[in-house]
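Counting in numbering that gives the first Met the number 0, the sequence shown runs from 0 upward without gaps.
We put the CB at the ideal spot given by N, CA and C, even for glycine.
Keep in mind it's a predicted model, so treat the numbers as computed, not measured.
A quick write-up on the structure given underneath.
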Amino acid sequence: MEKSDNKLTRQEKATIFEYVNDLYLKLKGNKKKQTKASFKDSWKEDNLLFIMMMKLNSSYEMWDNHEENPDWIFERDIKLAKDTSSIPKLKHQRMMSMLRQNECDMEVKLEEIKEGKGYISEEQHKEEMKKQLEEQQELIREQGDRVAKLRILEKALREKLDAANRRTEAQKLYYEDQMKLLSSD
């Protein structure tokens, strides 16, 4: 999958860089521009950074090609662990066993979700939401009725107060008239 520097055009290198950057490097701004320019223009085939970019590009292509059969990853890693001494075999096997167990656990959880265990169906959810909405609307109606009763009570009390004020004013005027009559006699 390795391509020679002479066979890649600047456009192909730019595409490879963008692809690798989006997946792995996540460079932004000036760092991205400078690295991209270096990759396109100055890095040669024997440069370690050029080789790393090409390996990252080909590694994703390898994952993409084996997407249908995920078991190849475990087979490759077990073979790699037997061939190299960088990772102890038992440690590697424990790690792979844990990964497989995690995968199985996730598959079980996914099946439970598909079957609806521990979850309510969409219809039940809609019914619950409808009940809650009706309860809230009933509370709103009750509060509205209470507010209306209080407004009626307020209006009646204001009218009663206005009537009492008018009576008091009338009595005041009557007493003033009576005092004038008595004082003029």
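Using a Cβ-Cβ cut-off of 7 Å (strictly less than) and excluding sequence neighbours within five positions of residue i, which residues of its own chain qualify?
i	result
I139	none
L55	V19, Y23
R9	K39
Would you identify the three-state DSSP class for residue i, choosing helix, strand or coil?
i	result
D176	helix
S58	helix
N46	coil
G143	helix
Y23	helix
K130	helix
K108	helix
I119	coil
K6	coil
Let's see if you can read the secondary structure: which residues bound the alpha helix (DSSP H) around residue i?
i	result
K34	What sits at residue 34 in the sequence shown is Thr, not Lys. Per DSSP, T34 belongs to the alpha helix (DSSP H) from 28-40.
I15	9-19
Go through its chain and collect everything with a Cβ distance to residue i's Cβ below 8 Å, but skip five positions before and after it.
i	result
K108	none
By a C-beta neighbour count over all protein chains shown, 10 Å radius and 16 as the cutoff for buried, is residue i buried or exposed?
i	result
M53	buried
I50	exposed
K12	buried
V146	exposed
N164	exposed
I119	exposed
I151	exposed
I112	exposed
E1	Its pLDDT being 47, under 50, E1 is placed unreliably in this model, and the value from its coordinates should be taken loosely. It is exposed - the Cβ of E1 has fewer than 16 other Cβ atoms within 10 Å.
Which same chain residues end up closer than 6 Å to residue i when comparing Cβ atoms and leaving out the 5 residues on each side of it in sequence?
i	result
G28	none
Is there a Cβ of chain D sitting closer than 7 Å to that of residue i, yes or no?
i	result
Y173	Among the protein chains of the structure shown there is no chain D, as only one such chain exists.
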